[in-house]
Amino acid sequence: MGFPFEYARSFHGPRVRSSFAAMAVIAVNTRLVVPGRLDGIGWFTLETVQRMVADHPEHEFHLLFDRNPPVDLFPGDNVHHHWVWPPARRPFLVDWWMDRSIPALLRKVEADLFLSPDGFLSHRTEVPQVAVQHDLNFEHHPEWLPANVARHYRRRFPQSAERAVRIATVSQYSAQDIVAQYGVDPGKIDVVYNGAGAAYHQPLGVRPDQEARAIRNRLTGGQRYFVFVGTQHPRKNLEGLLEAFTAYRKAGGTWDLLLVGTAIWRKRGFDARNSLEAMPEDIRPFVHRSGWLPQDELAAVLAAAGAMVFIPWFEGFGIPLLEAFAAGTPAIHSNRTSLPEVAGGAGLEVAPEDTSTVVEALLRIEQEPALREALIEKGRHRADAFSWEQTSALLWDCLVKAGEQVGVHLGSPQAMEA
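The opening residue of the sequence shown carries number 2 in my numbering; numbering runs sequentially from there.
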């Protein structure tokens, strides 16, 4: 007969509910935790859920994947892993996963709360739900996504915002945007800032020059470089970045450019191919691509860079900017959406549409060592204001508030106690 539509395979044996009065059963959508392909939401999910399951052994967690679960990433006697069919990689499969497979699994494990870090919620469950909606870029610029994906987000996200007991988001900018776009009560939203992994935090004053030379030799033929980190996506403004880099080289700039990251979609117009092919042939050799990099390697590549250049049109938070600050790397960043909020004055702020301003910033970073050192110090201090420990505690507080609204006791707020 083939697989039933609500097929789910569990990896922790049968669930036995504890008689401990404070215990709750929390199900978590962890489908975007895919080792080797983690993006911003994947990292958010991994870093927060790992900490929550470790910090709250009194509660039971059921982690829901749409492929073979990476069980080793989430150890603990209070953790259960489930492979829930189907693989939700297309809009209609996300709908099926959320509205048919997930409700069946939630009933099976007798879940008290469902947390969904990718912003989608189920339409067909009575279990109270908490959504993490990172940003609403698709509401402002649906043309930045394939048409079917944009339609799917614009249909499901407002419905999820309405159904959610509470909503978490990653910046004040995104919180205000959710209120404006969906008419959500601001009191229903909790701001849960992102963090930067421990791998990015270099000891103050330590500059691994020998390691940096080795990285430059491997990636850019020994040349100093600016670095961009992120998925290849129209909102990242790679076209504007490459245009500004071309003008910078023609103005006498000598550093190369390294692009770190891969495309989400392989369709032309949704990756960097068109922009790279449009560059002058004499400039192309100075642009290098590394593809996706694991965290430890990316941290070293950031620390070896002369500066990060991150000038997207739209960000809900902008984790790469924070990672650069933590790595001791000065940053040029866009003045759009959440980035001024995250940077807090620690980077060189530019208008992404103003090529001449971006070129000026590139040249200043290359030519003014004192400016670079000042930005490095500011960036390190700014990075200290964020951590995944704080993120996890704030997300837990959001769950505690949601539990209080529906009669599920999770204990005291964690971040408020800290």
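Glycine included, C-beta positions come from ideal geometry on N, C-alpha and C. Please read all numbers here as calculations on a predicted model, not as lab measurements.
Query	Result
For the structure I just gave you, are there three or more beta carbon pairs, one from the segment 210-222 and one from the segment 332-352, closer than 8 Å?	no
Indicate the three-state DSSP secondary structure (helix, strand or coil) for E111 in the structure shown.	coil
I need the boundaries of the beta strand (DSSP E) containing H83, first residue and last residue.	80-85
Count Cβ pairs between the segment 285-294 and the segment 310-318 that sit closer than 8 Å; are there 3 or more?	no
How about G319 and V302: do their beta carbons lie closer than 7 Å?	no
Can you look up Q130 in the DSSP assignment and give me helix, strand or coil?	strand
Going by C-alpha distance, which of F139, Y226, A325, A305 is nearest H234?	F139
What are the start and end residues of each continuous alpha helix (DSSP H) run of 4 or more residues lying completely inside the segment 249-324, in chain order?	274-278, 296-305
Taking only three categories from DSSP, how would you classify Q224?	coil
Which value, in whole angstroms, describes the spacing of the CA atoms of L107 and A28?	7 Å
When burial is assigned at 16 or more other CB atoms within 10 Å of the CB, is F62 buried or exposed?	buried
Is A22 helix, strand or coil by DSSP?	With a pLDDT of 43 at A22, under the threshold of 50, the modelled position of this residue cannot be trusted; read the value that follows with caution. If DSSP states are grouped into helix, strand and coil, A22 belongs with coil.
Could you have a look at E369 and say whether DSSP puts it in helix, strand or coil?	coil
Can you tell me the Cα-Cα spacing of L294 and V180, whole angstroms?	35 Å
So is S388 buried or exposed if we call it buried at 16+ other beta carbons inside 10 Å?	buried
Among residues of its own chain, excluding the 5 on either side of G231, which ones have a beta-carbon nearer than 8 Å to its beta-carbon?	K237, V261, G262, F311, P313, P321
List, from N- to C-terminal side, the beta strand (DSSP E) runs of 3 residues or more that fit wholly inside the segment 22-51.	26-30
If you pair each beta-carbon of the segment 70-85 with each one of the segment 357-364, do three or more pairs fall below 8 Å?	no
At a cut of 8 Å, does the segment 113-128 reach the segment 161-177 through at least three beta carbon pairs?	yes
Rounded to whole angstroms, what's the CA-CA distance from G223 to D136? Just pull it up for me.	38 Å
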